[in-house]
């Protein structure tokens, strides 16, 4: 007999034998597998030996009342998810609240109404089956996601060597000794830039995976974030030589952080601002001390990020369509990397609407 064909098991706990006989006969006639015990201790032993699908538990019993039995059941992993319906002659609000506080899902009042007992038992067994099915589906999805991530990680890791070889060969072709027309040299430059973009995507994929698994080492040291902002501006200036990138700071802005990771975050935010805003429009990097944290903002004058997408763009493969038609292709990992890298250092990251237009990407780190 399969699990789906097996009759649901119900454990009935009551110190009154007549109640046990009554409930056992009722549930047995409707196809349930019933076990009956007369004390809380016997109930705990029965559940430890073989957890049922549902427990009907009397509240008023000698030695150990139903509240204590339920607390102990919920404190044990083996029985924590088994639904408990209390049996009680007490109808006071305080008792009902206490029943739910200890982990009960429902209650049936004495004297029993057979239709009510059956209806509540059927309902909570159906909910329990749905809960088990949902947990099974979730676990299967997690395994599939893990399999997908492992496959992507393997493929991307193997891409590194041919990309490196291609980058070296393109660099050799660009040497002055090579005889190329102006058009050929431009095509070669475009090819080299495309290879660099692919290499960055590979690095992002691998680093996002390492950060998610907690395998990325964090090398903390004191960093001058203003100096870092100037270095980033100098390094990215050739992406759009006509664009003005202003740096605004109030005093000295330093943090104990992984300088390499934070610089990559800053580079991502600035390069996003360059790619997703009109050519030549200004960008601004602002740095400030805010209480016991430092705050870095990158403000652009593009179309902005819709409010409903401000969380999604920081997720893996999360992108926003149409920020700018000329924007470079993206697989949506740059901002996911930024989020993981900043949060791994105890910081926060986000995006706000710019004033009067555009977007303000920001992150904060503990001083």
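Residue numbers (our numbering): 96 to 462. Built from N, CA and C at the ideal position, the CB exists for glycine as well.
Which of the three DSSP states is assigned to residue i in this structure?
i: residue 458; result: strand
i: residue 424; result: In this prediction, residue 424 has a pLDDT of 42, which is less than 50 and means its spatial position is unreliable; what the coordinates show is noted afterwards. Here residue 424 sits in coil by DSSP.
i: residue 289; result: helix
i: residue 81; result: Given a span of 96 to 462 for the chain in the structure shown, any question on residue 81 remains unanswerable.
i: residue 351; result: strand
i: residue 443; result: strand
i: residue 148; result: coil
i: residue 387; result: coil
i: residue 357; result: helix
i: residue 394; result: strand
i: residue 376; result: coil
i: residue 381; result: strand
i: residue 340; result: strand
i: residue 96; result: Residue placement at residue 96 cannot be trusted, given a pLDDT of 42 that sits under 50; what the coordinates show is reported in the next sentence. Looking at residue 96 - three-state DSSP - the assignment turns out to be coil, as it is neither helix nor strand.
i: residue 284; result: helix
i: residue 308; result: coil
i: residue 452; result: coil
i: residue 335; result: coil
i: residue 153; result: strand
i: residue 371; result: coil
i: residue 135; result: helix
i: residue 303; result: helix
i: residue 406; result: coil
i: residue 175; result: coil
Taking 8 Å as the limit between beta carbons, can you name the residues of its chain near residue i, skipping five residues before and five after?
i: residue 453; result: 372, 394, 395, 396, 397, 398, 399
i: residue 154; result: 160, 161, 162, 181, 182, 183, 185, 190, 194
i: residue 215; result: 180, 201, 203
i: residue 419; result: Because the pLDDT of residue 419 is 43, which lies under 50, any placement of that residue in the model is unreliable, and the number read from its coordinates should be weighed accordingly. For residue 419, where only same-chain residues beyond five positions count, the Cβ hits under 8 Å are 370, 371, 372, 373, 397, 398.
i: residue 136; result: 158, 159
Please work out which residues of its chain come closer than 6 Å, Cβ to Cβ, to residue i, disregarding the five sequence neighbours upstream and downstream, and give them in chain order.
i: residue 380; result: 324, 342, 393
i: residue 405; result: 446
i: residue 294; result: 258
i: residue 103; result: 127, 148, 220
i: residue 169; result: 175, 198
i: residue 344; result: 321, 382
i: residue 311; result: 305
What's the call for residue i, buried or exposed, on a 16-neighbour Cβ count within 10 Å?
i: residue 463; result: The structure shown does not extend to residue 463, since the chain is modelled only from 96 to 462, so the question has no answer here.
i: residue 361; result: buried
i: residue 256; result: exposed
i: residue 267; result: exposed
i: residue 113; result: exposed
i: residue 234; result: exposed
i: residue 138; result: buried
i: residue 188; result: exposed
i: residue 107; result: buried
i: residue 327; result: buried
i: residue 171; result: exposed
i: residue 378; result: buried
i: residue 209; result: exposed
i: residue 278; result: exposed
i: residue 150; result: buried
Looking at the secondary structure, which residues open and close the beta strand (DSSP E) in which residue i lies?
i: residue 181; result: 179-183
i: residue 234; result: From DSSP, residue 234 is part of no beta strand (DSSP E) but of the alpha helix (DSSP H) over 209-268.
i: residue 276; result: Where residue 276 is concerned, there is no enclosing beta strand (DSSP E), given that its DSSP letter is neither H nor E.
i: residue 130; result: 128-132
i: residue 104; result: 104-108
i: residue 120; result: Here residue 120 belongs to no beta strand (DSSP E); instead the alpha helix (DSSP H) covers 112-124.
i: residue 319; result: 316-319
Are the Cβ atoms of residue i and residue j separated by less than 9 Å?
i: residue 431; j: residue 402; result: no
i: residue 370; j: residue 433; result: no
i: residue 375; j: residue 338; result: yes
i: residue 440; j: residue 357; result: yes
i: residue 463; j: residue 132; result: Absent from the model: residue 463. The displayed extent of the chain is 96 to 462, so no value can be given.
i: residue 462; j: residue 387; result: yes
i: residue 173; j: residue 197; result: no
i: residue 118; j: residue 247; result: no
i: residue 315; j: residue 351; result: yes
i: residue 304; j: residue 253; result: no
i: residue 385; j: residue 459; result: yes
i: residue 284; j: residue 429; result: no
i: residue 261; j: residue 290; result: yes
i: residue 157; j: residue 109; result: no
i: residue 331; j: residue 251; result: no
i: residue 456; j: residue 444; result: yes
At least one CB of chain C closer than 9 Å to the CB of residue i: is that the case?
i: residue 154; result: Here chain C cannot be found, since the structure has a single protein chain.
Using C-beta distances below 7 Å, list every residue in its chain close to residue i, excluding the 5 sequence neighbours before and after it, in chain order.
i: residue 410; result: 431
i: residue 275; result: 283
i: residue 320; result: 348, 349, 350, 382, 389, 391
i: residue 435; result: 303, 306, 307
Note the first and the last residue of the continuous alpha helix (DSSP H) segment covering residue i.
i: residue 190; result: 188-196
i: residue 164; result: 161-169
i: residue 431; result: 429-438
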